[in-house]
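Remarks on the structure that follows.
Numbering (this note's numbering), first residue to last: 91 to 592.
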């Protein structure tokens, strides 16, 4: 541990850095890029202190900071992280560096504003994962919509206004119900402290209403079926960097919300409604997989793939309640840890796939699958990375895509055979739409003269994709360091919700 207020630094360094880039580098694109790279890299390097200084043997909040903020309403600037938050913060800082590098040459208009938006967004996302006060959490949760709204609305595609409005309305309206739940719990506890909420003795009726309020906020963010329709539009219209952050980080906030709020605060309601959540998850896993099969736009295909893969996350978080109902806590950790690993893995893989699509779009300005064919003949290095990430997306053993899905399916068998069977179908569907994409875009004869004229990866693109490939391979072959971060926190959560329910 260190005396440095590390969490505050990770929140405010990129925010202040973004403001500096916006004010000092407007009109100077080279300075804007360099300052953004320095700030994002420094933030990532500092975030590694969370990993090196984290005590994996305890489940208490670490790197805690506490200062009174609005004392009249007992609202405090309270920060802290556990085994659930640390991996997501590391993923955020790591991904932001790659997004800055990926946009180095691609973004040519309003470069300073583009880079500043991502830096500010990074700080706000770190705030979401660090906040231990309900109102502070809500402030960061809502504020991060603004830079993403700007990113899609300014640098997005032809239908960017429609996509931004749909994105904002879905996520904002869902969050209003979360605010109502936070205020109600404040009236019961006299505090907005999230850890105080965990100790509230709520009756069944209160728990059900609070659970539903949180569900509306977190289900939209995941997104779960049927409130998923904003995501494909947002991905298609967003610039490549926006799609990467949406898939890699922002979707994970829904899963994190379930872990931080729904499961520990409303364990009885979570148990009573687990079948409903599992049903929605299985629909996302199976039905959305079929939807992905018929897509003609590469970005839309990967977007629907993201919805299907995030269904594994919510499935892993809620099937332990079926295990609890059988009177045993054994095996419940598989679901929660599998869901967390799936979140990190999906962040790496989906981000990489969107970057690959961005490489092609930068050259041909088309995401239509039919416009390609035989790309491997002229871009062998690009084809190598794309096929690798596609296989990881399909859950190839040895990649990170396999680990989380395997743990969730293995745990699901302990809950219900049919849960596991239906979830396993997505492995077939995932392979189907992924291989179908690879076949049509990467392999075969050269599709047209535009494809024949394509240039392979430059040094910057190669570096970004190579770093992600190493991360996907490392997590797939050696997930132990990530799992060790979570063990104590997972055990504490299981004990809390298990004893509450049993």
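Every residue gets a Cβ at the ideal spot worked out from N, C-alpha and C, and that includes glycine.
Please name the residue or residues paired with residue 158 in a DSSP beta bridge. According to DSSP, which records beta bridges pairwise, residue 158 is partnered with 166.
Where do the ends of the alpha helix (DSSP H) carrying residue 119 lie? If you look at residue 119, you'll find it in the alpha helix (DSSP H) that goes 119-142.
Residue 265 beta carbon less than 8 Å from that of residue 307: Yes, Cβ-Cβ distance for residue 307 and residue 265 is below 8 Å.
Buried or exposed: where does residue 508 fall if 16 or more other Cβ atoms within 10 Å of its Cβ makes it buried? With fewer than 16 Cβ atoms within 10 Å of its Cβ, residue 508 is classed as exposed.
Output the distance between the C-alpha atoms of residue 515 and residue 567, rounded to the nearest integer angstrom. One C-alpha to the other measures close to 24 Å.
Runs of 4 residues minimum, wholly inside the region 188-234: which ones carry the alpha helix (DSSP H) assignment? Segments of the alpha helix (DSSP H) lying fully in the region 188-234: 201-220, 224-233.
Please state the DSSP three-state secondary structure of residue 312. DSSP places residue 312 in the coil class of the three-state scheme, outside both helix and strand.
Burial state of residue 523, where buried means 16 or more other Cβ atoms lie within 10 Å: Answer is buried; the Cβ neighbour count reaches 16.
Is it right to say residue 195 is buried, meaning 16 or more other beta carbons lie within 10 angstroms of its own, or is it exposed? By the neighbour-count rule (16 or more Cβ atoms within 10 Å), residue 195 is not buried but exposed.
For residue 368, count neighbouring Cβ atoms within 10 angstroms of its own Cβ and tell me buried if that reaches 16, exposed if not. Around the Cβ of residue 368, a 10 Å sphere holds 16 or more other Cβ atoms; the residue is buried.
Since residue 476 is in the alpha helix (DSSP H), which residue starts that stretch and which ends it? First-last of the alpha helix (DSSP H) with residue 476: 470-483.
Could you give the residue range of the alpha helix (DSSP H) that holds residue 543? Looking at the DSSP string, residue 543 is not in any alpha helix (DSSP H), and its letter there is neither H nor E.
Quick check on the burial criterion: 16 or more other C-beta atoms within 10 angstroms. Buried or exposed for residue 263? With fewer than 16 Cβ atoms within 10 Å of its Cβ, residue 263 is classed as exposed.
What are the boundary residues of the alpha helix (DSSP H) that residue 357 is part of? For residue 357, the enclosing alpha helix (DSSP H) stretches over residues 357-362.
On the CB-based measure, 16 or more other CB atoms within 10 Å of its CB, does residue 427 come out buried or exposed? Flag for residue 427 reads buried.
Bounding residues of the alpha helix (DSSP H) (the contiguous stretch that carries residue 568): Premise fails: residue 568 is in no alpha helix (DSSP H) and is neither H nor E.
How should residue 161 be labelled, buried or exposed, when 16 other C-beta atoms within 10 angstroms of its C-beta is the threshold for buried? Label assigned to residue 161: exposed.
Within 10 Å of its beta-carbon, does residue 172 have 16 or more other beta-carbons around it, so buried, or fewer, so exposed? Result: buried.
Please tell me whether residue 546 and residue 469 are closer than 8 Å, where the distance is taken between their beta carbons. Yes; because the gap between Cβ atoms is below 8 Å, this pair is in contact.
Status (buried if at least 16 other CB within 10 Å, exposed otherwise) for residue 549: Exposed, by the Cβ-count rule.
Short Cβ contact (8 Å threshold) for residue 354 with residue 587: Contact: yes.
Are there 16 or more other CB atoms within 10 angstroms of the CB of residue 295, so buried, or fewer, so exposed? Under this definition residue 295 is an exposed residue.
Per DSSP, what kind of secondary structure is residue 293 in: helix, strand or coil? Here residue 293 sits in coil by DSSP.
Taking the alpha helix (DSSP H) that residue 452 belongs to, which residues open and close that run? Counting along the chain, the alpha helix (DSSP H) containing residue 452 begins and ends at 422-454.
Taking only three categories from DSSP, how would you classify residue 171? Residue 171 carries a strand assignment under DSSP once its states are collapsed to helix, strand and coil.
Comparing alpha-carbon positions, which option in 511, 301, 337, 487 lies nearest residue 373? Distances from the CA of residue 373 to each of 511, 301, 337, 487 were compared; the closest alpha carbon is that of 511.
Unbroken alpha helix (DSSP H) run spanning residue 512, endpoints: DSSP places residue 512 inside the alpha helix (DSSP H), whose first and last residues are 507-531.
Does DSSP put residue 278 in a helix, a strand or coil? Residue 278 falls in the helix class under three-state DSSP.
Rounded C-alpha distance that separates residue 212 from residue 464: Distance between the alpha carbons of residue 212 and residue 464: 37 Å.
Grab me the residues of residue 503's own chain with a C-beta within less than 6 Å of its C-beta, minus the 5 sequence neighbours each way, in chain order. Sequence-distant Cβ neighbours of residue 503 in its own chain, meaning closer than 6 Å and more than five residues away, are 510.
Thinking residue 189 and residue 331 are a contact (beta carbons under 8 Å), I'd like their distance in whole angstroms, please. About 4 Å separates the CB atoms of residue 189 and residue 331; that is less than 8 Å, so the two are in contact.
Would you tell me roughly how many angstroms separate the C-alpha atoms of residue 552 and residue 283, rounded to the nearest one? Between the alpha carbons of residue 552 and residue 283 lies a distance of about 45 Å.
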